[in-house]
C-alpha cells in the first residue's frame, strides 16, 4: 500500500481515502433498534451511491473500529466480529430481543452486583446470543479475539464487579489479557444491572458497561488512540469519519416512589442519560464536527416512553427513527456523512500516523511552491518505454534512502543506449512525490539557458535581470530544505572540463560542480558517456546502462510498432534483425519508426540494412567520436539513420531542410521560432514537415511544443552526411544568417528573447575553425548579448574572434577593426585585465586620431575609455588630462548635453574624486546626473552611474545622509534594471555598505559588504580589483566592531593581492597598507603598524601629493600609532600638520577634520598641555 502523500497538482489528502472511520454505539436495550435503523439509513444511501453492479458494502468493510456498550456492544459484535450487514443485524436483533424480553421472570429489588435479583433470565440471553452466533457460521466457544487479523476491529465495554472499572473486551490484540469467547463478550457488555446476572470470565465477573460508559465515544477515542497513535496520542488528524449513534432521547423523568418502577425505569433512564457526554464530545471535536468529519445521530423525539425492555415498541422505534432521519437538518448531516464515507478505500494501516505526518509536511512544502512550477521536464512520458525495471528500482530506492546531504547518481552508457529515456521514465514515475528539473548540458550556453527557464518558472527574485547569477539563485532555492524533495537531472553531461574547471579566473573561483544544491531531501542524476566524469560527480554511485538482451529488444520492437502483427508474419526474421541492430534502443526506435511510416515488412527492412554502402556507413560512424561505443553499434545507428533519412528526403524537402538546419545549431532546446521561415511553404506544410521528423523519431518535441531536441547521435550523423555530400556549408550559412536575424534587435526589452538563441549562436560561430564574414558579424552580436548579461569571459572569446578576423580581412586600421579593438578592451577592463586593456585603448586612440581625426566622436570615445582604464590603475593626473581633453572637444563637437559628453563629465568627476578635489567633482556629478535624467530618464544605467558617483563624492565630503539616500536609490534601481548580480549593482551594494560604516551602522554595513564580496568572488573571481575593494571594505567594518583577527586576515589578503595585481605604489595598495597598519595598532602590534604607516605616508606623498585627503589620513594614522608608543612630540607635530591641511582642503566641519581635532587634543593631554587640549575639546561638537 502506497503511503506517500504528494504535493503535485493538488495533493490528495490520504485522510480522504485511508483515514480512520470510527463507529460508536450507545446502549439502550430494545431502543438499540433505533441505532440500527439510523445505520441502515446511512449504509443504504452509501451503497446507492456506489457504481452499478458493484457489491454492497457492509459496516465491517467501511469502519476500522466499532465500539459499543450494552446492547450497542451486542450490535458491534454482530456487525464487526460476525460481519453481518445491517438488515441481517436488524432481523437477528429483533429475534434476540423477543427471546430475552418476552416477559420478566421475577420482580427485582434495588441493589447492585449481587444485592438484587435480576428481572430477566440470563440463560435466555445466553441462548439467544448463541443462536445468533451459530446462524452466522461461528461457534459460541470461538474466542472473541481469535487472532485472525479481522479487517474491522471491535471492542465492547463492561464493568468489573471487583473494582467497578470499565474494561474493554477486544476482537484483536490488546493488553487486557482477558480470553473471552464471543458469547462471553456479548454477555459481559449486556449484563445490565436489575436485568441480568453478571457474567464470569475466568476468575472475574462483569456487568453491563452502560453503568460506566453508556455513550462510549470516549472509550472509542481512547481505544483508537492506543491502536493508531499510542506514542503521540494525537488521534484527531487521523480521523476521516467518527460516527456516534444513540438509542433515542429518553427524557428527564422524575424519580418515582414505587421501588420496582425506580429499578426498572428510572434507574435505566438515569444511566442512559447521555446528552452531557454528547455535548462535551462535540465541543471537544468541534473542528471535526464543523468539517463534516464527526457526526452524532440520536432520535430526539418519539422514544421517551419506550422502555429498555419493551420489545413490543418495535413499530414506534422504527417510525420515530425514520421521522428523525427525514428531518431537514438531520438529512443534510446524513448526506454529508455518506459523502464522507464514499471515498473510504480500505482499512487504515497501523502506520497511518506517518502518512498524515508526511502529508502535513508536504502541505508546508506546498506553501513554498505556490505559484512555482514543480515539474520542469520538456518531454512527455514515453508510453512505449521498455525494460530496465531493475535499474529503475535501484534508482528509486536510492532516492528514498535517508541521507545527510544531496543524493547523487550518474548513469553511464554509450550514446543511443537509452540513458535519457531511462531517467525520463524515472522522473515521470516520481513526479507526484518530487519536484523535477531537467537540464541539458551538452554546452555551457545550453545549460545556462535551461537554468534561466528553471529560474523563471520558479519565479526566483532577480532572475529576469541582466547580470543575475542564475546558477546561484537556483542553488540557493533548492538548498532550502523546507521546499521538500526534488530531483535535478543533468542530461548529456559528457564534458568533464565543464564541471571541473573554474568558471571565472583567479584563486578560489567556483566550478560548475560547486553550484550543486545541498539538501538532504534533494537528488541529482547525471547521464553521461564519460565514466571519469561520472565518478567525479557521483563518486561510487554510478550505474551502467547495459546492452539490451534479445528478449528486451524484442519487447521494445513490439511496443514501438503500430501494428505488432507485422512481426507475426516475419517472426523468424525478428531475431536476425535485432542482432543487426545490435539491440541498440536508438536503432530499434528508428527502425520501428521507418516501418510504421512506410509500411515496409521486416524482411524488406532487413534487406535495406544489408544493402547500405559500407563506405558511407564507415564515414558516418566516424562522426560519433564516442570512446564508450562499439563499432557494431556505430554502424547500426548510422544504417538506421541513413534508411530513414532517405525516406524523409523523398517525402518532404522542407523536413530535410529543417533537419539540415538543426544539424548546424546546438542539438538541445532548438526553438521553433528559430527555424528558417519559408515563403513558399504553407503553415500546414511546415507543421507536416516537423511531424515527419517526429514520426521518424529524429526529433523529440518539448511538452509545450515551443522547442525540439535532436538526439546527439542524430545530430552528429546528420552533419556527417551533409559534409560527405558537400551540403553542410550551405546549411551552416543559412543557420548563421538566421541567427544574425533573430539577434539583430539588441534593445534591452528584447534581452530575454535573445537568450533563447545565444547558445545556438555560440555553437554556429565556434563549430568551424575558419569564420566567414557572416559568422564574425554573428560573433559580434553574440558578444554584445553576453556582455549585457555580464558574461564577460564568454563575451571576450566572441570579441577575440571578431578582432582576429577583421585584422586579417579588413586590416588593422579599418574603422570596424578599431571598434573591435575598443570592444575587446572594454571587456578586458571589466575582467580586471588592465594592462592589456590599456594597450588596446592606446592603439584604438592613436589609430582613430590618425584615420578619423582628433575630433571624430569615436576618437573622443577612445580618449574617454583610455582615461577610464588609467583611473583604474591609479594614474590619475594623466587620466584627468585625457578626460578634460575629451570633454572640451565633445562639448564643442557633440554639444554639452549629448550622452557621450555626459559620460565624460561623469568620468572626469570620478577621477577628481580620486584626487580629493571634491568640490569640483560634486558640481560635475550634479551636472551629469541632471543631464542624464533629462535625456535618458531616471532609470537608465548611465543615470544610475551618475547617482552612484554623486553619492560617493558626498560620502567623501562627510555628507552621509544624502549620500546614503542616493546609494539606496542607485542600489534599488540597479537591482531592478540590471539584476542583483550585475557588477554595477554590486558596486552600489559596496558603496552603501561604506557610507553606513561611516555612520556607525555596522551590522547592516557588514551584511552588505559580505554580500558584495561573495558575489564578486563568484562572478568576477577572487583576484579581481573590485573583489579586493570588497575584501578591504569588509575588513574595515569588522575593525570598527573589534573583530580584529578576521579583519587583519582580510587586510593582509587585500594587500598581498593588490601588490601582485596593481603594484606596490598603486593608491589602492597604499590604502591596504594603511588599513592593515590600523588594525595592527588596535591589537597593540605597534612596531609593525608604525613601519606600515610610514610606508603608506611616503607612498601617498609620492603618488598623490602631500595635500591629498588620503595622504592626510596616513599622516593622522601614523601620529596615532606614535601616540600609543609614547612618542608624543612627533605625534603632536603630525597631528598639527593633518589638522591644518584638512581645515584648508576639507573644511573645519568635515568628519576627518574633527577627528584630527580630537586626536591632537588627546596627545596634548598626554603631555600635560591641558589648556590647549580643553580648547580643542570644546571646539568639537
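Residue numbers (this note's numbering): 379 to 1559.
Note that the Cβ used here is the ideal one computed from N, Cα and C, for glycine as well.
Under a 10 Å Cβ-count criterion, residue 723 is classified as exposed, with fewer than 16 other Cβ atoms of the shown protein chains found around its own Cβ. Per the coordinates, the alpha-carbon of residue 1538 lies some 24 Å from the alpha-carbon of residue 1419.
Counting along the chain, residue 818 sits inside the beta strand (DSSP E) bounded by residues 813 to 818. Distance from the CA atom of residue 415 to the CA atom of residue 699, rounded to whole angstroms, is 7 Å.
When the Cα atoms are used, residue 1112 and residue 1176 turn out to be separated by approximately 20 Å. Counting along the chain, residue 1459 sits inside the alpha helix (DSSP H) bounded by residues 1445 to 1460.
Residue 1347 and residue 1329 have their C-alpha atoms roughly 10 Å apart. Between the C-alpha atoms of residue 1159 and residue 1142 there is a straight-line separation of about 13 Å. Assignment of residue 726 by DSSP, reduced to helix, strand and coil, places it in the coil class.
Residue 1058 and residue 1072 have their C-alpha atoms roughly 22 Å apart. Spatial neighbours of residue 1291 in its own chain (CB-CB distance under 7 Å, excluding positions within 5 residues in sequence) are listed in chain order as 1299, 1330, 1331 and 1334. Of 1261, 1255, 1217 and 1221, the smallest CA-CA separation from residue 1238 is found for 1261.
Distance from residue 594 to residue 765 at the Cβ level is roughly 56 Å; contact not present, criterion being Cβ atoms closer than 8 Å. Of all C-beta pairs linking the region 1519 to 1536 to the region 1485 to 1503, three or more are shorter than 8 Å, placing the two stretches in contact.
Where residue 772 is concerned, there is no enclosing beta strand (DSSP E), although the alpha helix (DSSP H) around it starts and stops at 767 to 778.
If you check the CB distance, residue 532 and residue 443 come in under 9 Å. DSSP links residue 790 through a beta bridge to 906 and 922. Where residue 759 is concerned, there is no enclosing alpha helix (DSSP H), because DSSP gives it neither an H nor an E. Excluding the 5 residues flanking it on each side, residue 767 has no same chain C-beta neighbour closer than 8 Å.
Relative to residue 1213, the option among 665, 1249 and 863 whose CA is nearest is 1249. Around residue 1294, the same chain offers 1486 and 1487 as residues with beta carbons nearer than 6 Å, after the five sequence neighbours per side are excluded.
Residue burial annotation: residue 1402 is buried, with at least 16 other C-beta atoms found within 10 angstroms of its C-beta. The distance from the Cβ of residue 1344 to that of residue 1367 is about 14 Å, inconsistent with a contact at the 8 Å cut-off. Linking residue 512 to residue 900 through their CA atoms gives a straight-line distance of about 58 Å.
Around the beta-carbon of residue 1315, fewer than 16 other beta-carbon atoms lie within 10 Å, marking it exposed.
Cα atoms of residue 732 and residue 774: separation of roughly 20 Å, rounded to the nearest angstrom. Excluding its 5 nearest sequence neighbours in each direction, residue 872 has C-beta neighbours in its own chain below 6 Å: 906, 907 and 908, listed in chain order. With distances taken between CA atoms, residue 713 lies nearest to 426 out of 1230, 1047 and 426. Residue pairing of residue 441 in beta bridges, as defined by DSSP: absent, with no partner found. Taking the C-beta atoms as reference points, residue 974 is found nearer than 9 Å to residue 939.
Closest in alpha carbon position to residue 536, among 1267, 433 and 451, is 451. A straight-line Cα-Cα distance of about 10 Å links residue 913 and residue 790.
The beta carbons of residue 1482 and residue 1470 sit no closer together than 9 Å. Membership of residue 395 in the alpha helix (DSSP H) is indicated by the continuous run 392 to 396. The alpha-carbon separation between residue 758 and residue 877 amounts to approximately 28 Å.
Distance from residue 795 to residue 923 at the Cβ level is roughly 5 Å; contact confirmed, criterion being Cβ atoms closer than 8 Å.
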